[in-house]
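Taking it in order: structure first as structure tokens, then the write-up.
In the UniProt record's numbering, the protein residues as written are 1 to 169.
The following block contains the structure:
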């Protein structure tokens, strides 16, 4: 399982960095075309907006996989032993439920309804539903990571290993 997580981490890192690099080039061209040439590029303006959506959501999934996402862990830091493991399992379950309801269920519905209505982007002419598929994709990745991390904690709890090891990252 750790090999699979490693492959997914490397793939997401490469994908996110590539999209971010392309996003920076779009914004640089937008600035040059607007202030130097005097003719703003509507295509790069729109493309940068959609690239930002993908970078933010796929990057959030990557950050979850790195265990570097925003967390309020005041309670978790005070707990020890089995209570800490149970709390961490509960947190991973809550993350997975949220990702399923909001990102997968809601995001898929949004993407499919948008595809059904035939809404296209003004400058690029792309179907908006495909752009919105970043929601269920990031949701699936977050659920995958939550399952992996939750499963590790359940194994620790079952084995009686109550000492929570520090993350090797």
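Using N, Cα and C, we set each Cβ at its ideal position, and we do this for glycine too.
ask   = Excluding five sequence neighbours on each side, which residues of the same chain lie with their C-beta closer than 8 Å to the C-beta of residue 48?
value = 23, 26, 27, 30
message = According to DSSP, is residue 161 part of a helix, a strand, or is it coil?
response = coil
ask   = Count the other CB atoms within 10 Å of the CB of residue 16; is the residue buried (16 or more) or exposed (fewer)?
value = buried
ask   = Starting from residue 95 and walking both ways along the alpha helix (DSSP H), at which residues does that stretch end?
value = 81-98
query = Going by Cα to Cα distance, which pick from 114, 117, 13, 4 is closest to residue 57?
reply = 13
ask   = Any contact of the region 75-93 with the region 32-47, i.e. 3+ C-beta pairs under 8 Å?
value = no
task = Kindly identify the DSSP beta-bridge partner or partners of residue 27.
result = DSSP, once it has assigned bridges, lists no residue as partnering residue 27.
query = CA-CA distance, residue 124 and residue 46?
reply = 8 Å
query = Thinking C-alpha only, which one of 21, 141, 152, 114 is nearest residue 100?
reply = 141
ask   = Taking just the CA atoms, how far does residue 33 sit from residue 80?
value = 57 Å
ask   = If you draw a straight line from the C-alpha of residue 146 to the C-alpha of residue 160, how long is it?
value = 21 Å
request  = Can you give me the start and stop residues for the alpha helix (DSSP H) that residue 133 sits inside?
outcome  = No alpha helix (DSSP H) holds residue 133; DSSP gives it neither H nor E.
For residue 120, the residue or residues it bridges with in DSSP = 127
request  = Reducing DSSP to helix, strand and coil, say where residue 18 ends up.
outcome  = helix
ask   = Going along the chain, which residues of its own chain have a beta-carbon closer than 6 Å to the beta-carbon of residue 68, five neighbours each way excluded?
value = none
message = Just verifying my parser: in three-state terms, what is the DSSP assignment at residue 45?
response = helix
query = Would the beta-carbon of residue 8 fall within 9 Å of that of residue 144?
reply = yes
request  = In the DSSP assignment, find the alpha helix (DSSP H) that holds residue 39 and state where it starts and stops.
outcome  = Residue 39 -> no alpha helix (DSSP H), and no H or E assigned at all.
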